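Novice:
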Amino acid sequence: MAYSMTGYGRGETIQDDRRLTVEIKSINNRFCDIQVRQSRVLQPLETRTRDLISRRLSRGKIDVSINFEDNSESAYQVHCDLGLAKAYASALRQISETIASTESVSASQIARFNDVLRVESAQIDPESVWQLLEATLGQAIDNLMLMRHKEGSKLVSDIQAKAARLLELKDKVALRAPLVPAEYRQRLAERVESLLNDQAKKFYDEQRLAAEVLLFADKCAIDEELVRLDSHLHQLTSILEEEGAIGKKLDFLLQEINREINTIGSKANDLELVQQVVEMKSELEKIREQIQNIE
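Every number in the numbering used here is 3 more than the matching position in the sequence shown, counting from 1.
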């Protein structure tokens with residue numbers, strides 16, 4: 004079954020005091036365009052992240068957001084500037100002596116001053132996070148693919164209905180086309196009769212009339228185009244039932260279908276045929292719009 008290129012997936016994994024969240028959004032694009040936004044600690048893993056995504060997704064503009072939180076005790080380092088703390092303590096004691104205060108200087112007071120205590124994130128080995136990232140990314144892609152599959156099923160159903168309509172119109176054209184030369188012969192004979200009256204047979208005999216009709220029939224013959232169009236439409240239905248990325252196949256096939264319909268339209272010396280060709284083009288354009296969103 005086909006997949007839409009539009010979808011959203013989310014994955015989250017909590018391991019001990021670590022939390023990793025992945026969100027993936029995708030929209031239609033001719034190619035596979037992956038944009039990754041992630042925590043700085045995960046940047047060394049970006050190449051592997053992109054490889055994992057591209058193995059699962061072949062087309063679409065894909066935005067990936069990765070957030071990593073490490074709330075374990077080892078994730079932070081607290082640095083104390085003892086020299087600065089001593090300087091603050093000495094200054095506070097001088098103030099106390101000057102104003103004859105009996106209050107003692109506490110460590111908690113000194114710790115409140117700027118730069119006495121400095122908290123830094125500990126260096127994390129990206130490799131230690133890869134298993135967590137790989138599992139969470141896989142979960143997000145699975146959810147994305149589920150949504151894309153559901154959307155793809157709807158698109159396929161709609162395209163199948165329109166393809167069936169194209170086959171109906173093609174059959175109508177096939178039934179109508181053989182009648183056109185005979186009707187042309189009738190109109191031509193009536194026009195000759197009205198113009199030449201009793202002299203019609205003298206200047207425009209049956210042999211010449213037949214030659215004119217034969218020439219007309221040859222110019223507007225669409226038998227070969229109808230055979231190819233029928234083949235393309237059945238192939239379209241067949242491709243829609245295939246698994247995997249079928250968007251480019253469908254896009255190419257639609258170009259061939261469009262070529263045959265245009266040729267039929269250029270040869271259609273009949274109002275009814277022209278109307279059917281116009282409707283076929285309308286249905287084909289609707290299919291083309293839907294196919295733009297199929298992977």
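Here a beta-carbon is modelled for each residue, glycine too, at the ideal position from N, C-alpha and C.
Here the structure is a predicted model, which means the values were calculated and not measured.
Within 10 Å of its beta-carbon, does leucine 274 have 16 or more other beta-carbons around it, so buried, or fewer, so exposed?
Specialist: With fewer than 16 other Cβ atoms within 10 Å, it is exposed.
Novice: In this structure, how does DSSP classify valine 159 when only helix, strand and coil are distinguished?
Specialist: Here valine 159 sits in helix by DSSP.
Novice: What does DSSP give as the partner residue(s) for leucine 23 in the beta ladder?
Specialist: Paired residues: Thr16 and Phe71.
Novice: To the nearest angstrom, how far is the alpha carbon of isoleucine 297 from that of phenylalanine 255?
Specialist: The straight-line gap from Cα to Cα measures roughly 13 angstroms.
Novice: Give the secondary structure of glycine 141 by DSSP, where H, G and I count as helix, E and B as strand, and everything else as coil.
Specialist: The answer is helix: DSSP assigns glycine 141 an H, G or I state.
Novice: Within 10 Å of its beta-carbon, does methionine 4 have 16 or more other beta-carbons around it, so buried, or fewer, so exposed?
Specialist: Burial call: exposed.
Novice: Do you know offhand how far cysteine 223's Cα is from glutamate 282's?
Specialist: Taking the straight line from one Cα to the other gives about 19 angstroms.
Novice: Kindly indicate which three-state DSSP category leucine 60 falls into: helix, strand or coil?
Specialist: Coil, per DSSP.
Novice: Nearest to leucine 48 by CA position, among Ile27, Leu135 and Glu246, is which residue?
Specialist: Out of Ile27, Leu135 and Glu246, Leu135 has the C-alpha closest to the C-alpha of leucine 48.
Novice: Around the Cβ of leucine 253, are there at least 16 other Cβ atoms within 10 angstroms (buried) or fewer (exposed)?
Specialist: Leucine 253 is buried by the Cβ-count criterion.
Novice: What residue does the alpha helix (DSSP H) around isoleucine 102 start on, and which one ends it?
Specialist: No alpha helix (DSSP H) holds isoleucine 102; DSSP gives it neither H nor E.
Novice: What does the alpha-carbon distance come out to for the pair aspartate 73 and alanine 114?
Specialist: Spanning the two alpha carbons is a distance of roughly 25 angstroms.
Novice: Helix, strand or coil: how does DSSP classify isoleucine 294 here?
Specialist: If DSSP states are grouped into helix, strand and coil, isoleucine 294 belongs with the helices.
Novice: Does the stretch 13–23 come close enough to the stretch 264–274 that 3 or more CB-CB pairs lie under 8 angstroms?
Specialist: No, they do not touch.
Novice: Count the other C-beta atoms from every protein chain shown that fall within 10 angstroms of the C-beta of phenylalanine 71, then say buried if there are 16 or more, exposed otherwise.
Specialist: Phenylalanine 71 comes out buried.
Novice: Name, in chain order, the residues that DSSP records as bridge partners for glycine 10.
Specialist: Answer is Ser29.
Novice: At a threshold of 8 angstroms, does aspartate 73 count as lining the ligand MG (C-beta to nearest heavy atom)?
Specialist: Looking at this structure, you won't find the ligand MG or any other ligand, since it has none at all.
Novice: Could you give the distance in angstroms between the alpha-carbon of glycine 250 and the alpha-carbon of threonine 16?
Specialist: C-alpha separation (whole angstroms): 33 angstroms.
Novice: Suppose contacts are defined by Cβ-Cβ distances below 9 angstroms. Is serine 61 in contact with cysteine 35 by that definition?
Specialist: In contact: serine 61 and cysteine 35 (Cβ atoms closer than 9 angstroms).
Novice: Run through DSSP, which three-state label would valine 108 get?
Specialist: Reduced to three states, the DSSP call for valine 108 is coil.
Novice: Please return the same chain residues whose Cβ sits closer than 8 angstroms to the Cβ of alanine 166, not counting the five positions on each side in sequence.
Specialist: The residues are Leu236, Leu239, Thr240, Leu243 and Ile290.
Novice: Put arginine 115 into one of helix, strand or coil per three-state DSSP.
Specialist: Here arginine 115 sits in coil by DSSP.
Novice: How about serine 309 and isoleucine 37: are their beta carbons less than 9 angstroms apart?
Specialist: Nothing can be reported for residue 309, as the shown portion of the chain is limited to 4 through 298.
Novice: Rounded to whole angstroms, what's the CA-CA distance from leucine 229 to glutamate 288? Just pull it up for me.
Specialist: Going by the C-alpha atoms only, they are around 19 angstroms apart.
Novice: Helix, strand or coil for isoleucine 65 per DSSP?
Specialist: Three-state result, isoleucine 65: strand.
Novice: Just mark glycine 14 as buried or exposed, buried being the case when its beta carbon has 16 or more other beta carbons within 10 Å.
Specialist: Under this definition glycine 14 is a buried residue.
Novice: Closer than 8 angstroms by C-beta to glutamine 112: which residues in its own chain qualify, once you throw out the five before and the five after it? Chain order, please.
Specialist: If we look at glutamine 112 and ignore the five residues flanking it on each side, its Cβ neighbours are Leu95.
Novice: In or out: glutamine 279 buried (at least 16 other Cβ within 10 Å) or exposed?
Specialist: Buried.
Novice: In angstroms with no decimal places, state the Cα-to-Cα distance between leucine 178 and leucine 232.
Specialist: Distance between the alpha carbons of leucine 178 and leucine 232 is about 15 angstroms.
Novice: Measuring CB to CB, does arginine 53 end up less than 9 angstroms from valine 44?
Specialist: Taking 9 angstroms as the Cβ cut-off, arginine 53 and valine 44 do not qualify as a contacting pair.
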